[in-house]
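Undergrad: As they're listed, the protein sequences go chains U and R.
For any residue, its number in my numbering is found by taking its place in the first sequence, counting from 1, and adding 18.
For any residue, its number in my numbering is found by taking its place in the second sequence, counting from 1, and adding 137.
Yeah, the Cβ is synthetic: ideal placement off N, Cα and C, and Gly gets one too.
For clarity, every value in this text was computed on a predicted model and none was experimentally measured.
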Amino acid sequence: MLSTDNLSIFFGGLKALKDLTIEVGDGEVIGLIGPNGAGKTTAFNGITGVYKPTSGKVTFLGQDITGLKPHEITRKGIARTFQNIRLFKELSVLENVLISQHMLVKSSLFGQTVGLPRYRGEDKAQYDNAHALLEELGLLQFRDDKSSSLPYGLQRKLEIARALATKPRLLLLDEPAAGMNPAETMAFIGLIKQLQQAHDISVLMIEHHMQLVMGICDKLWVLVYGEEIAQGTPKEVQNNPAVVEAYLGVDDDGDIDPELARVGADEPAVAEAAEHLGVLPHTDASASEIGGDK
Amino acid sequence: MTSKQRNLILAIAAIALALVVMAFARPVLGQFWFGMFILSGIFVILALGLNLINGFTGLFSLGHAGFMAVGAYTVAICTLPPDAKKQNFFLEPMNPILFAIQTPFWVALILATVMAGLLAWLIAIPALRLRDDYLAIATLGFGEIIRVVFSNTQSITNGAQGLIRIPTETSVWWSWGVALLMIVFMVRLVGSSFGRSLKAIREDEVAAEAMGINLYRTKITSFVIGSAMAGLGGGLLAGFLGSIDPKMFNFLYTFNIVLIIVLGGLGSISGSVIAAVVITFGMEWLRFLDGSMEAFGYRISGVPGLRMVVFSALLLAVVLFWREGLMGKNELTPEYLSKRFGRRKKVAVASASTTDAVAETPTPSRSDEELDEEANHA
Numbered sequence: 019m020l021s022t023d024n025l026s027i028f029f030g031g032l033k034a035l036k037d038l039t040i041e042v043g044d045g046e047v048i049g050l051i052g053p054n055g056a057g058k059t060t061a062f063n064g065i066t067g068v069y070k071p072t073s074g075k076v077t078f079l080g081q082d083i084t085g086l087k088p089h090e091i092t093r094k095g096i097a098r099t100f101q102n103i104r105l106f107k108e109l110s111v112l113e114n115v116l117i118s119q120h121m122l123v124k125s126s127l128f129g130q131t132v133g134l135p136r137y138r139g140e141d142k143a144q145y146d147n148a149h150a151l152l153e154e155l156g157l158l159q160f161r162d163d164k165s166s167s168l169p170y171g172l173q174r175k176l177e178i179a180r181a182l183a184t185k186p187r188l189l190l191l192d193e194p195a196a197g198m199n200p201a202e203t204m205a206f207i208g209l210i211k212q213l214q215q216a217h218d219i220s221v222l223m224i225e226h227h228m229q230l231v232m233g234i235c236d237k238l239w240v241l242v243y244g245e246e247i248a249q250g251t252p253k254e255v256q257n258n259p260a261v262v263e264a265y266l267g268v269d270d271d272g273d274i275d276p277e278l279a280r281v282g283a284d285e286p287a288v289a290e291a292a293e294h295l296g297v298l299p300h301t302d303a304s305a306s307e308i309g310g311d312k
Numbered sequence: 138m139t140s141k142q143r144n145l146i147l148a149i150a151a152i153a154l155a156l157v158v159m160a161f162a163r164p165v166l167g168q169f170w171f172g173m174f175i176l177s178g179i180f181v182i183l184a185l186g187l188n189l190i191n192g193f194t195g196l197f198s199l200g201h202a203g204f205m206a207v208g209a210y211t212v213a214i215c216t217l218p219p220d221a222k223k224q225n226f227f228l229e230p231m232n233p234i235l236f237a238i239q240t241p242f243w244v245a246l247i248l249a250t251v252m253a254g255l256l257a258w259l260i261a262i263p264a265l266r267l268r269d270d271y272l273a274i275a276t277l278g279f280g281e282i283i284r285v286v287f288s289n290t291q292s293i294t295n296g297a298q299g300l301i302r303i304p305t306e307t308s309v310w311w312s313w314g315v316a317l318l319m320i321v322f323m324v325r326l327v328g329s330s331f332g333r334s335l336k337a338i339r340e341d342e343v344a345a346e347a348m349g350i351n352l353y354r355t356k357i358t359s360f361v362i363g364s365a366m367a368g369l370g371g372g373l374l375a376g377f378l379g380s381i382d383p384k385m386f387n388f389l390y391t392f393n394i395v396l397i398i399v400l401g402g403l404g405s406i407s408g409s410v411i412a413a414v415v416i417t418f419g420m421e422w423l424r425f426l427d428g429s430m431e432a433f434g435y436r437i438s439g440v441p442g443l444r445m446v447v448f449s450a451l452l453l454a455v456v457l458f459w460r461e462g463l464m465g466k467n468e469l470t471p472e473y474l475s476k477r478f479g480r481r482k483k484v485a486v487a488s489a490s491t492t493d494a495v496a497e498t499p500t501p502s503r504s505d506e507e508l509d510e511e512a513n514h515a
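Take a look at the structure:
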C-alpha cells in the first residue's frame, strides 16, 4: 500500500533521515520505533508532504506521491495525527470532525452559502458521519464542548476521529499512546484493532510503549540517528543486538554491560528504555512511569 | 419547535425590526444623526469584510482602505453625470472610454464589488504566500500603493483633486439594506462547510492542511470575498459623501475598521455590527473633545484629533484587559444570551455539569508540564 524508497531528508548538513525504505501492506499495523531524535516524526513529515524529501520516493497505492502538498496527500487517502496534539482548539469537538470532511464537499461556495439541496444533503451526511465517528470513539457526549477542554486522552482520541473522517486508507499515528498508563494502553490496543477492522485501514505508528508495539504491530522498523538499524517482527527486533545496543550500549563481548545496566537502573531514561525492550527486570526506578518520550 | 426553527423565526423578526428602525430613523434621529446612521450601515459592511479576513480566517490584512478606494472610485466614475465629469477633469481631460461609462447606481455597486475583488485576487496571489506580520506589512503596502496610484492617474481618477458632485444615492435603504444582506450572507458563509475550513485555518494551519484543506486557495477565496465587501462599502461611501479624494483612503481608515472588529470581537459577526454602530456614532459624539474646553477654571484650546486619542486608549485597554472584545467569538443568539445572563435559572444544571467536568479533567495543562519536564531533563 505505502512504500518509501530510500527516503532521505536533510536539513542543511543535518541528516535527519537517511535512505529509509519501509513498506506498509494492506491491513497491516506497522510500528516505527527508535530513541529521541531518530527521525521518526521526520519520516512522517516526509511521507505526508510537510517536508519535501531531499531524495527518494514515496509511493502510495501505486502512485508516486513524493513532493505533493499535504492536503493533496490527505486527499489520496493518508490521514495523520500529531505528536503534540494539534486540534482546532477553539472549535467544538463536533466541528473538529466536520472540518476534516470539508475536502469531500463537492458543492460550490455559492451552493454552500445559499444552501442548495445538494449541499444540504452533503451537510447532513457530514453531520451523520461525524456523529457516527464520535459515537465509535466514545466522544459523543462531548460533541458541543470546546475541543481544548477535553481531557488529554480524549483529545488524542478526537485526533484519531478527525483523521478517520477524511476516509483514509492509511492512518499515521504519531505517538498515540504518549502519556497513557498501562491500563489505558491496553484499552488503546483494542481500540486500534477495532478501528483498523471497522474502517479497513492500514496503520503506521510511531510509538515508545513496547507493550503497545508488541501487542499490536505486525512489523517494526527501528531508526537510530536517521538510519534504519533493524526491521522485522516485534520478537525479532526485541532480540536484535543492534537494537539493544542502540538503546543501552554493549561491552566488547557484545553483552549488555552489567555496570551500565546497574547504573542504568538509577537513570530513568535508560531504565525506561530497558524496560521497554524487556531486557532488564523491573526495578523500582523503572517502575515509576515517566510518561514516555517527548 | 426545534431550536433551528426558533432561530429562523427570531432572525426574521430581527430583520423586520431592523426594517422598522430604518423606516423611522429619520424623524427620530434628526438630520445629522440620521446621516451617521446611514454611515454606520456602511461601516458594518466594511467591518464584516475585514472580520472575514482577520477574524475568521486569521489572516492579518491591513489593506482594507485600498480596496475601499477602488470601490469608491468605480462608483464615482460610473455614476458621475457627463457635465460633472467635465467640471471635475479640468487639468487633463478624462479618458474617453471612462467618460462614456454611465450606469445606474446598483450596477456601479456591483462593478465596485467586482473590481475590488479582482484587484484583491491579483494582490493575493503573491501576498498570501506570506504569513502573520509579513502579510500585514505586504497588504498595508498594497493599500498605500493603490492610494498613491490613484493620486497620480490624472485622466482616470483626477489625481489628488479628487472627484466632486458624485450623485448621493446612498439612502438608508441602500446602506442598511446592503448591510443586512451582508450580515445574512456572512452568517450563511461562516456556518457552511467552507466557513468551518476558514476557522480551521485560523486555529491551526498545519492541522488544517493535514485534514485536506487547500490552504492557499481557501485563503485567497476568503481574502477576495472580504476585500470585495470593502469595495462594496467604499462604493456606498462614495454615494453617501458625494465627493472623494485619494487622501481619504489612507491607513487611518483601515485603522478605524480594525478598531471596530477588535472591539467587537475577532470572529464575531454580531460583535462587528454592534461595534460598527457604536464607533461610528461615538466618533461623532466625541467631536466636542476636538474643540476648546473649560475644565476646573482653565481654558484648554482645541486640539484637533483628540477624540482619536480616546479610541486609541480604548483599543489599548481592550487589548490589555479584554482581549476577546465585546463578543469574543460568540454570536448574539438566544443560546449565548441564556448562557451569559440566564445563570440563575440554570444553577443546578450548571453546577452538576461543572463537577463532572472537573472529575473528567486530569492534568490541567499538558504543555506546561511538558516544558517543565524537558527543563528538568536538561
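Give me the subset of the region 102-128 of chain U whose CB atoms are less than 9 Å from a CB atom of chain R, sorted by chain position.
TA: Of all residues in the region 102-128 of chain U, 102, 103, 104, 105, 106, 107, 108, 109, 113, 114, 116, 117, 118, 119, 120, 121, 122, 123, 125, 127 have a Cβ within less than 9 Å of some Cβ in chain R.
Undergrad: Taking Cβ-Cβ distances shorter than 7 Å, what residues in chain U pair up with residue 346 (chain R)?
TA: Within the second sequence, the letter at position 209 stands for residue 346 (chain R). 88, 89, listed in chain order.
Undergrad: Check residue 313 (chain U) in the structure and name its three-state DSSP category.
TA: Residue 313 (chain U) falls outside the range modelled here, since chain U spans only 19 to 312, and no answer is possible.
Undergrad: State yes or no: is the beta carbon of residue 322 (chain R) nearer than 8 Å to at least one beta carbon in chain U?
TA: In the second sequence, residue 322 (chain R) corresponds to position 185, counting from 1. By this cut-off, residue 322 (chain R) is an interface position.
Undergrad: DSSP three-state label for residue 314 (chain U), please.
TA: The displayed coordinates of chain U run from 19 to 312. Any statement about residue 314 (chain U) would go beyond what the structure contains.
Undergrad: With three or more beta-carbon pairs closer than 8 Å as the criterion, would you say the region 173-181 of chain R touches the region 326-333 of chain R?
TA: Counting Cβ pairs under 8 Å, fewer than three are found: no touch.
Undergrad: From residue 147 (chain U) to residue 183 (chain U), what distance separates their C-alpha atoms?
TA: If you number the first sequence from 1, residue 147 (chain U) lands on position 129. If you number the first sequence from 1, residue 183 (chain U) lands on position 165. Distance between the alpha carbons of residue 147 (chain U) and residue 183 (chain U): 8 Å.
Undergrad: On the DSSP bridge list, what partners appear for residue 97 (chain U)?
TA: Taking the first residue of the first sequence as position 1, residue 97 (chain U) is located at position 79. Per DSSP, U:189.
Undergrad: Does the ligand HEM have a heavy atom nearer than 7 Å to the CB of residue 428 (chain R)?
TA: This structure lacks the ligand HEM, and indeed carries no ligand of any kind.
Undergrad: Would you call residue 201 (chain U) buried or exposed, if buried means 16 or more other Cβ atoms sit within 10 Å of its Cβ?
TA: Counting from 1 along the first sequence, the entry for residue 201 (chain U) is found at position 183. Residue 201 (chain U) is exposed by the Cβ-count criterion.
Undergrad: Quick one: is residue 173 (chain U) buried, meaning 16 or more other Cβ sit within 10 Å of its Cβ, or exposed?
TA: Working through the first sequence from its first residue, we reach residue 173 (chain U) at position 155. Label assigned to residue 173 (chain U): buried.
Undergrad: Kindly list, in the order they appear in chain R, the residues whose Cβ is closer than 8 Å to that of residue 192 (chain U).
TA: Here residue 192 (chain U) corresponds to residue number 174 of the first sequence, with the count starting at 1. Ordered by position in chain R, no residue passes the 8 Å Cβ test against residue 192 (chain U), which lies about 11 Å from the chain.
Undergrad: Name, in chain order, the residues that DSSP records as bridge partners for residue 276 (chain R).
TA: For this step, residue 276 (chain R) is matched to residue 139 along the second sequence. Answer is none; residue 276 (chain R) lacks a bridge partner.
Undergrad: My understanding is that residue 412 (chain R) touches residue 463 (chain R), with C-beta atoms under 8 Å, so please give their C-beta distance in whole angstroms.
TA: The residue you call residue 412 (chain R) lines up with position 275 of the second sequence. The residue you call residue 463 (chain R) lines up with position 326 of the second sequence. Sure, about 6 Å apart at Cβ, within 8 Å.
Undergrad: Quick one: using the 10 Å Cβ neighbour count with 16 as the cut-off for buried, is residue 82 (chain U) buried or exposed?
TA: Here residue 82 (chain U) is taken as the residue at index 64 of the first sequence, counted from 1. With fewer than 16 Cβ atoms within 10 Å of its Cβ, residue 82 (chain U) is classed as exposed.
Undergrad: Mind checking which residues open and close the beta strand (DSSP E) that includes residue 238 (chain U)?
TA: One-based indexing of the first sequence puts residue 238 (chain U) at position 220. Segment 237-242, the beta strand (DSSP E) holding residue 238 (chain U).
Undergrad: Please report the straight-line C-alpha distance between residue 265 (chain U) and residue 47 (chain U), rounded to a whole angstrom.
TA: As a first step, residue 265 (chain U) is located in the first sequence; it is residue number 247 there, counting from the start. As a first step, residue 47 (chain U) is located in the first sequence; it is residue number 29 there, counting from the start. Their backbone Cα atoms lie some 23 Å apart in a straight line.
Undergrad: Return the bridge partner residues of residue 341 (chain R) from the DSSP annotation.
TA: Working through the second sequence from its first residue, we reach residue 341 (chain R) at position 204. According to DSSP, which records beta bridges pairwise, residue 341 (chain R) is partnered with nothing at all.
Undergrad: Going by DSSP in three states, residue 440 (chain R) sits in which element: helix, strand or coil?
TA: Walking along the second sequence from the start, residue 440 (chain R) turns up at place 303. Here residue 440 (chain R) sits in coil by DSSP.
Undergrad: For the candidate residues R:317, R:283, R:345, whose alpha-carbon lies nearest to that of residue 152 (chain R)?
TA: Along the second sequence, read from residue 1 onward, the residue named residue 152 (chain R) stands at position 15. If we check each option's Cα against that of residue 152 (chain R), R:317 comes out closest.
Undergrad: For chain U, check one thing: does any of its Cβ atoms lie closer than 8 Å to the Cβ of residue 187 (chain R)?
TA: To locate residue 187 (chain R), count along the second sequence from 1; it is residue 50. Judged by the 8 Å Cβ criterion, residue 187 (chain R) is not in contact with chain U.
Undergrad: CB-CB under 6 Å to residue 201 (chain R), same chain, minus the five flanking residues each way: which ones, in chain order?
TA: Counting from one through the second sequence, the residue named residue 201 (chain R) turns up at place 64. Contacts found: 187, 367, 391, 394.
Undergrad: DSSP three-state label for residue 156 (chain R), please.
TA: Against the second sequence, residue 156 (chain R) aligns to sequence position 19. In the structure shown, residue 156 (chain R) sits in a helix (DSSP, three-state: H, G or I).
Undergrad: Can you tell which of R:240, R:218, R:251 has its C-alpha closest to the C-alpha of residue 207 (chain R)?
TA: Taking the second sequence and counting its residues from 1, one reaches residue 207 (chain R) at position 70. It is R:251.
Undergrad: Which chain U residues sit within Cβ distance under 8 Å of residue 358 (chain R)?
TA: Residue 358 (chain R) sits at position 221 when you count from the first residue of the second sequence. Within chain U, the residues near residue 358 (chain R) are 127.
Undergrad: Can you name the start and end residues of the alpha helix (DSSP H) that residue 37 (chain U) belongs to?
TA: Position 19 of the first sequence holds residue 37 (chain U). Here residue 37 (chain U) belongs to no alpha helix (DSSP H); instead the beta strand (DSSP E) covers 32-38.
Undergrad: Would you report the Cα separation of residue 226 (chain U) and residue 248 (chain U), rounded to the nearest angstrom?
TA: Indexing the first sequence from 1 puts residue 226 (chain U) at position 208. Indexing the first sequence from 1 puts residue 248 (chain U) at position 230. When rounded, the distance between both Cα atoms is 16 Å.
Undergrad: Tell me where the beta strand (DSSP E) around residue 47 (chain U) begins and ends.
TA: Here residue 47 (chain U) is taken as the residue at index 29 of the first sequence, counted from 1. Note, residue 47 (chain U): beta strand (DSSP E), 47-51.
Undergrad: For residue 67 (chain U), tell me which candidate among U:121, U:88, U:159, U:50 has the shortest Cα-Cα distance.
TA: Mapped onto the first sequence, residue 67 (chain U) falls at position 49. Closest by alpha carbon: U:88.
Undergrad: Residue 109 (chain U) and residue 340 (chain R): beta carbons closer than 8 Å?
TA: As a first step, residue 109 (chain U) is located in the first sequence; it is residue number 91 there, counting from the start. As a first step, residue 340 (chain R) is located in the second sequence; it is residue number 203 there, counting from the start. Closer than 8 Å, so yes.
Undergrad: In three-state DSSP terms, what is residue 223 (chain U)?
TA: Position 205 of the first sequence, counting from 1, holds the residue named residue 223 (chain U). Three-state DSSP puts residue 223 (chain U) in a strand.
Undergrad: Output, in chain order, the set of chain U residues within a Cβ distance shorter than 7 Å of residue 326 (chain R).
TA: Here residue 326 (chain R) is taken as the residue at index 189 of the second sequence, counted from 1. What residue 326 (chain R) touches in chain U: 131.
Undergrad: Taking 8 Å as the threshold (beta carbon to beta carbon), is residue 184 (chain U) in contact with chain R?
TA: Working through the first sequence from its first residue, we reach residue 184 (chain U) at position 166. For residue 184 (chain U), the answer is yes, since a Cβ of chain R falls inside 8 Å of its Cβ.
Undergrad: Output the distance between the C-alpha atoms of residue 194 (chain U) and residue 97 (chain U), rounded to the nearest integer angstrom.
TA: For the purposes of this step, residue 194 (chain U) is taken as the residue at position 176 of the first sequence. For the purposes of this step, residue 97 (chain U) is taken as the residue at position 79 of the first sequence. Roughly 14 Å separates the two Cα atoms.
Undergrad: Please report the straight-line C-alpha distance between residue 238 (chain R) and residue 245 (chain R), rounded to a whole angstrom.
TA: Counting from 1 along the second sequence, the entry for residue 238 (chain R) is found at position 101. Counting from 1 along the second sequence, the entry for residue 245 (chain R) is found at position 108. Between residue 238 (chain R) and residue 245 (chain R), the C-alpha separation is close to 10 Å.
Undergrad: Across which residues does DSSP place residue 146 (chain U) in a beta bridge pair?
TA: Along the first sequence, read from residue 1 onward, the residue named residue 146 (chain U) stands at position 128. According to DSSP, which records beta bridges pairwise, residue 146 (chain U) is partnered with nothing at all.
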